[in-house]
Amino acid sequence: MVRQTLDHTTSSQTRESSAHSATAEAPYSKATFSKEHLLLDELKGIALKVRRDIVEMTAQAESGHPGGSLSAVEILTTLYCRVMRHDPSNPHWQERDRFILSKAHACPVLYALLAHCGYFPREELRTFRKINSRLQGHAHIKTPGVEMSGGSLGQGLSFGIGAALAARLDGRDSRVYVLLGDGECDEGQIWEAAMAAPHYKLDNLVAIVDRNGLQNDRSTREAMDTEPLADKWRSFRWHTIEIEGHSFPAILEALEEAKTVKGKPTAIIARTVKGKGVSFMENNPEWHGKAPNKEQLEQALRELAG
Amino acid sequence: MTTAASTRETYGKTLLELGRENPDIVVLGGDLNKSTFIHLFAQEFPKRFFDMGPAEQNMMSIAAGLASSGKTAFASTFAVFGSGRPYDQIRIGISQPHLNVKIVVTHAGITAGDDGMSAQSIEDLALMCALPGFTVIVPADAPETARAVREAAATYGPFYIRLSRSATPVVHQNDYSFQIGKAEQLRDGPDATIIACGIMVKAALDASESLAQEGIRCRVLNMATLQPVDAEAIATAARETGAIVTAEEHLRHGGLGSIVAQVLGEHCPVPLEMVALDRYAESGRAEQLLEKYGLTAEKVAAAVRRAVGRKARPSGKGRPSSRRR
Ligand SMILES: Cc1ncc(C[n+]2csc(CCOP(=O)(O)OP(=O)(O)O)c2C)c(N)n1
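As given, the protein sequences belong to chains A and B, one line each in that order. To convert, note that position 95 of the first sequence is 94 in numbering that gives the first Met the number 0; the numbers rise steadily by one, no gaps. To convert, note that position 72 of the second sequence is 71 in numbering that gives the first Met the number 0; the numbers rise steadily by one, no gaps.
Given below as structure tokens:
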């Protein structure tokens, strides 16, 4: 499938007509940044900044998970800056779309985007993992904008089902996006949830698998081979799309396609590179849960200078 | 003669009433919906009822997701499948973010009976009381179950309510007013206090009656809320009666006895005897198991005699007067 062009006109209109028109009080206009007109270059610029934040946060904390944060940068940037309906000045706005970080160790990428959107001051990123901080080592709901407390793999898709069921009961058109790790897919509960979401015909639910091919110790192929992964989701009756997970046009197109699918949830298998953007971290499982030291940080920032 | 009534059936009926009163109540089940009586809710409110099949981890996390979007989520299954099996999901997904999920379990303890030890949850109170902020309630009978379920629905936060399989002797009037975190004094006497929860409340009352004939007069406290526990009632009982006996259908470790021991140690050490389980049981009928594993009025009475006997000994350490503030 060709996913080359960034057709933001179409995607904006889809959003406008499907969901946004229902609420005349546009939260978009309330937000301090203009999501509607972000072009590809701007998204790329945000992604670079987010990557710098990730390496700086983990370096400053002297711990944390840079690898699986860097692999998900384009996915979260697209969601927060282009696709999701949300209002940073009102994190509990009931009509919002929800993003659920099931692989909660990758919270640096989430914090960087929440700060970018204005959920909390950027300076707060420096407090990541430190005492008295709102930015916990694994995502926790005390951080404005964080939907789910996590840290134990395998639970976020089920939580997302709960949020999607609640939206349907309330007659809200909120959509729910859940980011899973490919290593996380070893957890049995993922497949309990994978079975339940199509059973309840949750077409307001999207699971995105960050298919970076690595987990904590080594590759998913060596640790627990989950292939053929897309076939598994298909056989569980999900509308399944495979994409290049660092391509904004591909991510956007898949997310827009998901909005048109009726009667079943969508799974997006996003092929990514763990550690993406920092040469020495790329495809190296060592950087799953290790922070860069001073020299490594400097090199990373040089590579991410943009 | 005391009558007996099913606490789980009372739960199902109460939940149905609550469903009619509050459209934000949703119910999740794990393929044991008739046994837990939540099928009554499911029949009337199919849209607000979610059958998860036997997939309790999924069920607890979905309940968390529903609660985080403003629903009051009741999740019900057997005690073993609603505590230990999905414990991590409860801990991280419900307890740590303090969500409005009510876990109401049935078939708790050895009275689950002939299904054997795998089905007899005797560690669940230890697990659930280890979760900060979780309210843990073990109702004594059907009227208390109805009140506790209503209170849980009306009170924000995570709850664990533990019910039985078999019909439970009724010790309360229907207009009984239950208060979360408050012990209920059922009898008074100066010689010792029996603190009980769940099905052991009736055993405590029976024990106090037989002891009265020997001249030992007991206070009896129904401690339905294990967490947050009524520490004041425990300390006052220790000061005023000088000896405590606990009675519960749970292991000695981590349940009512442990909680009372902690309060006594901190506030007013007095002789303490525990009537509780110390090992896994086996298949059998409920009454047979209670008899064989020592959860009877006779065992409670014997424990009171031991405690009163220890009180008389001048060992010093256990004297309430020496530790009075
Ligand atoms: C239940 C549970 N088991 C183990 C861990 C420890 N752990 C944290 S991340 C991780 C590997 C996850 O791999 P993946 O989902 O592929 O994450 P990514 O590579 O995208 O960072 C493990 C085993 C955990 N957090 N939770």
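Heads up, the beta-carbon is just placed ideally off N, CA and C, and yes, glycines get one too. The structure presented is a predicted model; accordingly, all values stated were derived computationally and were not measured.
* Any heavy atom of ligand 1 within a distance shorter than 6 Å of the CB on Q154(A)? -> For the purposes of this step, residue 154(A) is taken as residue 155 along the first sequence, with counting starting at 1. Outside the cutoff, so no.
* Using a Cβ cut-off of 7 Å, pull out every chain B residue sitting near I140(A), in sequence order please. => Counting from one through the first sequence, the residue named residue 140(A) turns up at place 141. Here the neighbours are P96.
* **Contact belief for A242(B) with K310(B) at Cβ below 8 Å, rounded distance in angstroms** => Taking the first residue of the second sequence as position 1, residue 242(B) is located at position 243. Taking the first residue of the second sequence as position 1, residue 310(B) is located at position 311. Contact flag correct, Cβ pair sits at about 4 Å.
* Asked: CA-CA distance, A46(A) and E285(A)?
  -> Mapped onto the first sequence, residue 46(A) falls at position 47. Mapped onto the first sequence, residue 285(A) falls at position 286. Near 23 Å, if we compare the C-alpha coordinates of E285(A) and A46(A).
* Are Y10(B) and V103(B) touching if we call contact CB-CB under 7 Å? -> Here the question's residue 10(B) lines up with position 11 in the second sequence. Here the question's residue 103(B) lines up with position 104 in the second sequence. Yes, they are a contact pair.
* **Interface flag, E241(A) vs chain B, CB-CB below 7 Å** => Mapped onto the first sequence, residue 241(A) falls at position 242. No - not a single Cβ of chain B is within 7 Å of the one on E241(A).
* Beta bridge counterpart(s) of N221(B) as assigned by DSSP -> Start at 1 with the first residue of the second sequence, and residue 221(B) comes out as number 222. Answer is E183(B), A195(B).
* Residue of I240(A), S278(A), L168(A) minimising C-alpha distance to P264(A) -> Here residue 264(A) is taken as the residue at index 265 of the first sequence, counted from 1. With distances taken between Cα atoms, P264(A) lies closest to I240(A).
* To do: Could you tell me if F119(A) is buried or exposed, where buried requires 16 or more neighbouring beta carbons within 10 angstroms of its beta carbon?
  => The residue given as residue 119(A) occupies position 120 in the first sequence. By the 10 Å Cβ count, F119(A) comes out buried.
* Asked: So is the beta-carbon of S151(A) under 6 Å away from any non-hydrogen atom of ligand 1?
  -> What you label residue 151(A) is simply residue 152 of the first sequence in a count that begins at 1. Correct: S151(A) has its Cβ closer than 6 Å to ligand 1.
* Asked: At a Cβ threshold of 7 Å, is E221(A) touching chain B?
  -> Counting from 1 along the first sequence, the entry for residue 221(A) is found at position 222. No, its Cβ sits nowhere closer than 7 Å to a Cβ of chain B.
* Among C116(A), R133(A), N215(A), which one has its Cα closest to the Cα of N282(A)? -> Start at 1 with the first residue of the first sequence, and residue 282(A) comes out as number 283. The shortest C-alpha separation from N282(A) is found at N215(A).
* Asked: Hey, out of I61(B), L17(B), V25(B), T1(B), whose CA is closest to A195(A)'s CA?
  -> Counted from its first residue, the first sequence places residue 195(A) at position 196. Considering only alpha carbons, the answer is I61(B).
* Counting contacts by CB-CB distance shorter than 7 Å, is L65(B) in contact with chain A? -> As a first step, residue 65(B) is located in the second sequence; it is residue number 66 there, counting from the start. Interface residue, yes.
* Own chain residues within Cβ distance below 7 Å of E43(B), not counting five before or after -> Position 44 of the second sequence, counted from the start, is the residue given in the question as residue 43(B). L15, G18.
* To do: Would you mind listing the alpha helix (DSSP H) stretches within the region 248–323 of chain B that are 4+ residues and don't spill past its ends, in chain order?
  => 255–266, 285–291, 296–311
* Asked: What do you reckon, is the C-beta of L296(A) under 6 Å from a heavy atom of ligand 1?
  -> For the purposes of this step, residue 296(A) is identified with residue 297 of the first sequence, where counting begins at 1. Every heavy atom of ligand 1 is 6 Å or more from the Cβ of L296(A), so no.
* Under 7 Å between the Cβ atoms of G149(A) and Q188(A)? -> Translated into positions along the first sequence, residue 149(A) becomes position 150. Translated into positions along the first sequence, residue 188(A) becomes position 189. No, Cβ-Cβ distance for G149(A) and Q188(A) is not below 7 Å.
* Assigned secondary structure, P189(B) (DSSP; H/G/I helix, E/B strand, else coil) -> Position 190 of the second sequence, counted from the start, is the residue given in the question as residue 189(B). Three-state DSSP puts P189(B) in coil, outside helix and strand.
* Asked: So, helix, strand or coil for A72(B), using DSSP?
  -> Numbered from 1 along the second sequence, position 73 holds the residue referred to as residue 72(B). Note: A72(B) maps to strand in three-state DSSP.
* **Proximal chain B residues relative to A162(A), where beta-carbon distance stays under 7 Å** => What you label residue 162(A) is simply residue 163 of the first sequence in a count that begins at 1. By Cβ distance, chain B contributes G64, S67, S68.
* Option nearest L178(A) by Cα separation, candidates K200(A), F235(A), L78(A), D169(A) -> Translated into positions along the first sequence, residue 178(A) becomes position 179. Here the closest residue by C-alpha is L78(A).
* the region 172–201 of chain A: which residues have C-beta closer than 7 Å to a C-beta of chain B, in chain order? -> Q188, E191, A192, A195
* Asked: Leaving out the 5 sequence neighbours to the left and right, which residues in its chain are closer than 6 Å to G288(A) when beta-carbon positions are compared?
  -> Locating residue 288(A) in the first sequence gives position 289, counting from the first residue. Excluding sequence neighbours, G288(A) sits near H64.
* Asked: A41(B): which of S75(B), S209(B), H106(B) sits nearest, CA to CA?
  -> Sequence index remark: in the second sequence, residue 41(B) carries index 42 (1-based). Closest option to A41(B), Cα to Cα, is S75(B).
* So who's on the other strand from K101(B), going by DSSP bridges? -> Along the second sequence, read from residue 1 onward, the residue named residue 101(B) stands at position 102. According to DSSP, which records beta bridges pairwise, K101(B) is partnered with F73(B), F158(B).
* If you count every other CB in all the chains shown that lies within 10 Å of the CB of D113(B), and 16 or more means buried, which is it? -> Residue 113(B) sits at position 114 when you count from the first residue of the second sequence. Flag for D113(B) reads exposed.
* Closer than 6 Å: is that where the CB of G63(A) sits relative to any heavy atom of ligand 3? -> With respect to ligand 3, the structure shown offers nothing to examine, as its ligands consist of ligand 1.
* Quick one: give me the first and last residue of the beta strand (DSSP E) that E241(A) is part of. => Counted from its first residue, the first sequence places residue 241(A) at position 242. Segment 238–243, the beta strand (DSSP E) holding E241(A).
* Inspect the beta-carbon positions of F158(A) and I99(A) and report whether they are closer than 7 Å. => Reading the first sequence from its first residue, position 159 is the one you call residue 158(A). Reading the first sequence from its first residue, position 100 is the one you call residue 99(A). The answer is yes: Cβ separation under 7 Å.
* Asked: At least one CB of chain A closer than 7 Å to the CB of A325(B): is that the case?
  -> Residue 325(B) is absent from the model: chain B starts at 0 and stops at 324.
* Asked: For the alpha helix (DSSP H) that contains V79(B), what are its first and last residues?
  -> Translated into positions along the second sequence, residue 79(B) becomes position 80. V79(B) -> alpha helix (DSSP H) spans 78–81.
* Asked: What does D87(B) reach in chain A if we use C-beta pairs closer than 7 Å?
  -> Here residue 87(B) corresponds to residue number 88 of the second sequence, with the count starting at 1. Simply S151.
* Do A182(B) and V244(B) have their C-beta atoms within less than 7 Å of each other? -> Counting from 1 along the second sequence, the entry for residue 182(B) is found at position 183. Counting from 1 along the second sequence, the entry for residue 244(B) is found at position 245. Against a cut-off of 7 Å, the Cβ pair of V244(B) and A182(B) comes out as no contact.
* Inter-stretch contact at 8 Å, needing at least 3 Cβ pairs: the region 77–87 of chain B / the region 227–237 of chain A -> no
* **Cβ-based burial, K261(A) [other Cβ within 10 Å; buried from 16]** => Position 262 of the first sequence holds residue 261(A). Counting Cβ neighbours within 10 Å, K261(A) comes out exposed, since fewer than 16 surround it.
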